[in-house]
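This report concerns only the one structure given below.
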Amino acid sequence: MANAQLNIQFVENRLGKENLVYNNYKYRVKTKRGDRCYWRCVKSDCTATINTLNRIPVAIRDLHNHPSDPVKLNVDQVLKRMKERCLVENTPVPTIYEDELVKLRNRDWDNDSERLVQSMPTFTTCKTSLYTQRSKTIPQLPNSRQEINLEGKWRETTTGDNFLLIDDGDQDRILIFSTHFNLSHLTAASTLYGDGTFYSCPSTFYQLYSLHSFVDGAMYPLVFALLPGKDQVTYNRFFQLLKDYCQNNQLQLQPETIVLDYETAAHNAASTVFPGITKKGCFFHYTKCIWRKTQECGLQVPYSNNEDIHRLVRRAAVLPMVPTDEGEDVWFQSLQDLENVDTDINTARFTDYVTEYWVEGNRHLWNHYNTVGPEQPTT
13 MANAQLNIQF VENRLGKENL VYNNYKYRVK TKRGDRCYWR CVKSDCTATI
63 NTLNRIPVAI RDLHNHPSDP VKLNVDQVLK RMKERCLVEN TPVPTIYEDE
113 LVKLRNRDWD NDSERLVQSM PTFTTCKTSL YTQRSKTIPQ LPNSRQEINL
163 EGKWRETTTG DNFLLIDDGD QDRILIFSTH FNLSHLTAAS TLYGDGTFYS
213 CPSTFYQLYS LHSFVDGAMY PLVFALLPGK DQVTYNRFFQ LLKDYCQNNQ
263 LQLQPETIVL DYETAAHNAA STVFPGITKK GCFFHYTKCI WRKTQECGLQ
313 VPYSNNEDIH RLVRRAAVLP MVPTDEGEDV WFQSLQDLEN VDTDINTARF
363 TDYVTEYWVE GNRHLWNHYN TVGPEQPTT
């Protein structure tokens, strides 16, 4: 019985339960009484059994009515390695799966290797069990901002640097993530670029806001903030919290220029926290506004098949590239070119919007005649 003990292994199956492996056959628990366990072959019509006491075999009846399947056992071993990696690594689960398959293909290739690769389950088939393992390392998702509890490694980068720099508020909680290294680059920049996303954001917050700047000729995101809203009070808090943190850590956050989208609340907050700062609207967001209005006015189809409408919308979109003091004349020339063209109320709605909201507004805010080029990106 000692030799039998040496050949026995205990492995976890795809359901997270334990199987016993002996001589390339796999057994599942039939019954358990105290320290004694009764195992039966996993094949339902096979009567082979093993009894163990304190995980040591005491009786083996291994008369199987089917051949063993060592390839299937090897598949289980590969899946076991995947699960173990899901528990101890931050590597994305699909990457772990692909990595283990590559290892199988890269080893000495023979008929057994080919059979093993062909027998491996697809990612779709095994992803549930892999993600179940990964979920064991991740805290339960909070239902509110107040329930969020970030401790230990959840406050750090993968290199061990402090990443959660600011945690402020309760129901109106703001979380600001960065590193001292990132802030040193942020405070050294004369121009900051800010933008928020409402889609790539945890449901407990309203938006994920980021600040970017140039570092050695390339643009990098340097600060990330989870914000509870998009009102001026929220933006004021965000900018002030970040400014105060920098000051308390021997850094001065006082940019000369900030490039934002066209949210009035963000612009007002920037002026409040950074007196004298120059504000510029993002060219990309300007073109998004023009195209969104084109769609709202029902001009999307005419834009594609009507040369006059196409030209009108294009001219509106490139107004920021015209010298500031010439923008009004250029736009009104575009309107004059429409006088002999059949247009409808939708076209009038579009031209009124461009005229009143942009041309007659603060042209210095959205004009980029002097700021175009590879060193002047959008947000």
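Just so you know, this note's numbering puts 125 at position 113 of the sequence shown, and the rest follows in order with no gaps. The C-beta atom is built at its ideal place from N, Cα and C for all residues, glycine as well.
| said: Using DSSP's beta-bridge definition, name the partner residues of Glu30. | reply: Glu24
Quiz item: For Leu177, which of Phe22, His192, Leu153 has the nearest alpha-carbon?
Solution: Here the closest residue by C-alpha is His192.
*Quick one: Cα of Val33 to Cα of Ser131, how far?*
19 Å
In this structure, how does DSSP classify His224 when only helix, strand and coil are distinguished?
strand
To the nearest angstrom, how far is it from the Cα of Val41 to the Cα of Ser222? If you take the alpha carbons of Val41 and Ser222, they lie about 53 Å apart.
Exercise. Leu394: which of Val313, Gln244, Asn280 sits nearest, CA to CA?
Worked result: Given a span of 13 to 391 for the chain in the structure shown, any question on residue 394 remains unanswerable.
- prompt: Between Lys38, Arg185, Arg45, Ser125, which lies nearest to Asn161 when the distance is taken from Cα to Cα?
  reply: Arg185
(Q) Against chain C, does Leu128 count as a neighbour if the rule is that its beta carbon must be under 9 Å from one of theirs? (A) The question asks about chain C, but that chain is absent: this structure has only one protein chain.
Cα-Cα separation between Gln145 and Pro214, rounded to whole angstroms: Counting only the Cα atoms, Pro214 lies some 22 Å from Gln145.
**Q.** Cβ contact (3+ pairs, closer than 8 Å) linking the stretch 102-118 and the stretch 63-82
**A.** A contact between stretches requires three or more CB pairs, one per stretch, nearer than 8 Å, and the stretch 102-118 fails this requirement with the stretch 63-82.
Q. Whole beta strand (DSSP E) runs in the stretch 63-94 with 3 or more residues, listed along the chain?
A. 68-73
Distance, Thr355 Cα to Ala277 Cα: 36 Å
*Mind checking Tyr205: buried by the 16 CB within 10 Å criterion, or exposed?*
By the C-beta density criterion, Tyr205 is buried, having at least 16 other C-beta atoms within 10 angstroms.
| Can you check whether the CB of Leu265 is closer than 9 Å to the CB of Thr199? | yes
Original post:
If you draw a straight line from the alpha carbon of Pro133 to that of Arg93, how long is it in whole angstroms?
Top reply: 14 Å
Distance, Pro233 Cα to Leu27 Cα: 41 Å
When the Cα of Asp179 is compared with those of Tyr369, Asp173, Ser190, which residue comes out closest?
Selected option, being the one with the closest Cα: Ser190.
Which ranges would you report for the beta strand (DSSP E) in the stretch 290-341 if only whole runs of at least 3 residues count? Entirely contained in the stretch 290-341, the beta strand (DSSP E) runs reaching 3 residues are, in chain order, 290-293.
Q.
In the DSSP assignment, the alpha helix (DSSP H) including Phe362 goes from what residue to what residue?
A. In this chain, the alpha helix (DSSP H) harbouring Phe362 covers 357-365.
Phe286 versus Tyr143: straight-line alpha-carbon distance, rounded: 45 Å
Below 8 Å on the Cβ atoms is my guess for Ala237 versus Leu187; work out the distance and round it to an integer in Å.
Cβ atoms of Ala237 and Leu187 come within 8 Å of each other, at about 7 Å.
- Item | Three-state secondary structure (DSSP) of Tyr10 | Look at the range of the chain in this structure, 13 to 391, and you will see that residue 10 is not part of it.
Residues of its chain near Glu268, where Cβ-Cβ distance is below 8 Å and the 5 sequence neighbours each way are ignored: Sequence-distant Cβ neighbours of Glu268 in its own chain, meaning closer than 8 Å and more than five residues away, are Ser202, Thr203, Ile289, Thr290.
Problem - Cys138 versus Lys95 - alpha carbon distance - result: 10 Å
Next on the checklist: Taking 6 Å as the limit between beta carbons, can you name the residues of its chain near Asn15, skipping five residues before and five after?
Outcome noted: Its pLDDT being 48, under 50, Asn15 is placed unreliably in this model, and the value from its coordinates should be taken loosely. Result list for Asn15: empty, nothing under 6 Å.
* **When Asp337, Glu351, Asn174, Asp207 are compared against Cys294, the one with the closest alpha-carbon** => Among Asp337, Glu351, Asn174, Asp207, the Cα nearest to that of Cys294 belongs to Asp207.
Q | Contact set for Trp343: own chain, Cβ-Cβ below 8 Å, skip 5 residues either direction | A | Arg327, Ala328, Leu331, Val366, Thr367, Val371
Per-residue DSSP class, three states only, for Phe250
helix
request  = Throw me the rounded Cβ distance for the Lys242 and Glu275 pair, which I believe falls under 8 Å.
outcome  = Yes, Lys242 and Glu275 are in contact; Cβ-Cβ is about 7 Å, under 8 Å.
- Within the same chain, show all residues whose beta-carbon is closer than 6 Å to that of Val325, passing over the 5 residues directly before and after it, in chain order. Excluding the 5 residues flanking it on each side, Val325 has same chain C-beta neighbours closer than 6 Å at Thr306, Tyr315, in chain order.
- Hey, could you find the ends of the beta strand (DSSP E) Ile270 is sitting in? 269-272
Just the Cα atoms here: how many angstroms apart are His197 and Phe251? 16 Å
Endpoints, the alpha helix (DSSP H) within which Asp111 is located: Element bounds for Asp111: 105-118.
When you compare each of Ser125, Asp124, Val129, Asp122 to Tyr109 by their alpha carbons, which one comes out closest? Val129
- Task: Just tell me which of Asp57, Leu263, Glu30, Asn86 has its CA closest to the CA of Asn36.
- Result: Asn86
### Selection from Asp57, Thr64, Lys55, Arg361 that minimises the alpha carbon distance to Arg48
The option with the nearest alpha carbon to Arg48 is Thr64.
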